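Shown next, in structure tokens, is the structure this report addresses.
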Amino acid sequence: MSGAPASGGRHLLSVADLGAEGIEEVLRVADAFVEVGRRPIPKVPALRGRTVVTLFAEESTRTRLSFETAARRLSADVVSFSVERSSVKKGESLRDTVETVAAMGVDAMVVRHPAAGAPHQVARWVDASVINAGDGWHEHPTQALLDCYTIRQVLAERAGLDPSSSGTECFAGLRVAVVGDIRHSRVARSGVWALSALGAQVTLVAPGSLLPSSLEGWPLSGVSHDLDAVLGDVDVCYLLRLQIERGAGAFLPSLREYAASFGLTTRRAALLPEQALVMHPGPMNRGIEIADDVADLPRSLVLRQVRNGVAVRMAVLFLLLGSGAAPSGAGELIGAAGE
Amino acid sequence: MAERERRLTPPRGGVFVPRVQVLSAEDVQRALVRIAHEIVERNRGLEDTVLIGLQTGGVPLAQRIGSVLEVVEGTSVPVGTLDVAFYRDDIGIRPVLPEAVTDVPGDLSGALVVLVDDVLFTGRTVRAALNALADYGRARAVQLAVMVDRGHRELPIRPDFVGKNMPTRIDEQVDVSLDGVVLGDVVPR
């Protein structure tokens, strides 16, 4: 992202583009926006006059609302574009649609698309900053960022630290188990990369049929097919949604068997260390990957993840648009000022 | 803060080279004690007074004024901090990032707010701070205390309490801390 020392581009397409330094910068700026969220008037004029379009070619509640809330709290104008009710229905191509929207003058496009790489394509077609809000099975960078933010916030609170003054040391050696439908999960791809870039040790836990066909290049410390064996020594148990609408059911003998072997049941939750965190990107399939009463335990961070999502997306929008016209090399200087 | 941003931001970016020590640590302390007394004198007490230090340079000064007031008047005055990054008018012109956390003590409706900053220069930081404060309620009045007024205003803003009036060239830099005030230059890297 512009103005970011490590990241370089003006889009957010993949967590890998950010690097550890870029992730850290987003988390730091997000702290300031969490504070904004606590104010009597949780809105700042930072992006007044800028236009943010949310272009969603796939269903979503939380991501879309979260981005739109974030943009509004920055005083940007928000245009909401849903493929369901658009000329795409009349056969317009993605490129024509995107160029039409861009021609109306937008500063950022938040793109969700069922095809992996679609936001990268969009970034090539338009001048606006493009933010990947989930592309197929590929990536969902802002989800990974808000998960990292949430982990850091909780760990800082426990240590009695001010989250805003803590860096990313808390991730060093943090043991994270990512459990479930990894094959169909863009959250897993972005999350694993972000967490391990910050120094966490990530273990995937899934039935063989729900792992990607190749794990080459994944920065992992292990892969397991036995959840019970892993739970005893993890700091974070990250459950993924079984993506039944992407046909995950066909990879399994039955949903009941999946819940029995890989769901976080009440019995399994008791195996977790006292301090372990339970996370889920939502929407939850209660009774499948997470038992009803486990989802509502105090250690479950599901709602906190959603709350932090707005602040983290504000940080992303602000970093992309707020420091947009920065002269080259300025990022370095600001980076120096922060030290 | 404005000082620091300008110092590190192109086209004026570069390294700060100190030239003259203008005020010593003792001078700064004396000025802060005087400003504390002036705040009490002007407002005939400290009723509803809140000190807000602008991040980052104004924060230690606001805290020091707060502790002086506690000694002088025997009441503790809430001291908050404010980062005005999101209210600046140069967002998109050059990189603006929040430097530190905002912590405003409660609702400011009816409060007498004394903004504290290290250097008053163009007045744009103060303009941003006034807009930011409005989001925390309608203060009864807002006053401005600065350690150094160096001139070159670009907006109709004036300070209520000044540590030192210091005419400067526009390309000079002023560095303020509790250890003293130093006038220097920026040398390109």
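Heads up: the protein sequence lines correspond to chains A and B, in order.
For the first sequence, this note's numbering begins at 834 and goes up steadily by one.
For the second sequence, this note's numbering begins at 924 and goes up steadily by one.
Glycine included, every Cβ here is placed at the ideal spot set by N, Cα and C.
What you are looking at is a predicted structure, and each value in this text was computed from that prediction instead of being measured.
- In the same chain as G1000 (chain A), and ignoring 5 residues on each side of it, the C-beta atoms closer than 8 angstroms to its own belong to E857, in chain order.
- Around D1030 (chain B), the beta-carbon contacts reaching into chain A at under 7 angstroms are P873.
- Straight-line measurement puts the Cα of G989 (chain B) at about 51 angstroms from the Cα of I1123 (chain A).
- Interface annotation, D1006 (chain B): in contact with chain A, CB-CB separation under 8 angstroms.
- Listed in chain order, the positions of the segment 875-901 of chain A with a beta carbon within less than 7 angstroms of a beta carbon of chain B are V877, P878, A879.
- Along the segment 917-988 of chain A, the beta strand (DSSP E) occurs as fully enclosed runs of 3 or more residues at 941-946, 962-968, listed in sequence order.
- Taking C-beta atoms under 8 angstroms as the contact rule, L907 (chain A) and A879 (chain A) qualify, at a distance of about 5 angstroms.
- For the pair of segments examined, the segment 1056-1072 of chain B was found to touch the segment 1019-1039 of chain B: the number of CB pairs separated by less than 8 angstroms reaches three.
- Within 8 angstroms of the CB of A865 (chain A), the CB atoms of chain B belong to D1006, A1008, F1009, P1021, V1024, T1025, in sequence order along the chain.
- Within the DSSP bridge table, the entry for L1106 (chain B) names B:V943, B:V1097 as partners.
- The bridge partners DSSP lists for G1050 (chain A) come to none.
- In the DSSP annotation of this structure, the continuous segment of the beta strand (DSSP E) that includes S915 (chain A) starts and ends at 910-915.
- In the three-state reduction of the DSSP assignment, V877 (chain A) falls in the coil class, being assigned neither a helical nor a strand state.
- Listed in chain order, the non-local C-beta contacts of L1056 (chain B) below 7 angstroms within the same chain comprise L1031, V1036, A1062, V1065, local neighbours out to five positions each way being set aside.
- Taking C-alpha positions only, M1147 (chain A) is separated from L988 (chain A) by approximately 22 angstroms.
- Under a criterion of Cβ atoms nearer than 8 angstroms, the residues of chain B adjacent to S997 (chain A) are, in order, A1023, V1024.
- Residues of chain A with a Cβ closer than 9 angstroms to the Cβ of D1040 (chain B) do not exist, since the nearest Cβ in that chain sits about 17 angstroms away.
- Beta-carbon to beta-carbon, E891 (chain A) and R945 (chain A) are separated by about 5 angstroms, close enough to satisfy the 8 angstroms threshold.
- Between the beta-carbon of L1134 (chain A) and that of L1110 (chain A) there is about 6 angstroms, and that keeps the pair under the 8 angstroms contact cut.
- Interface with chain A (8 angstroms Cβ-Cβ cutoff): D1058 (chain B) is included.
- Check the Cα spacing between S999 (chain B) and each of B:E970, B:I1080, B:D1098: the tightest is with B:E970.
- In summary, V1145 (chain A) is buried, with 16 or more beta-carbon neighbours lying within 10 Å of its beta-carbon over all protein chains present.
- Within 8 angstroms of the CB of E868 (chain A), the CB atoms of chain B belong to V1024, T1025, D1026, in sequence order along the chain.
- Taking a Cβ-Cβ threshold of 8 angstroms, the residues of chain A close to I1014 (chain B) are A879, L880, G1155, S1156, in chain order.
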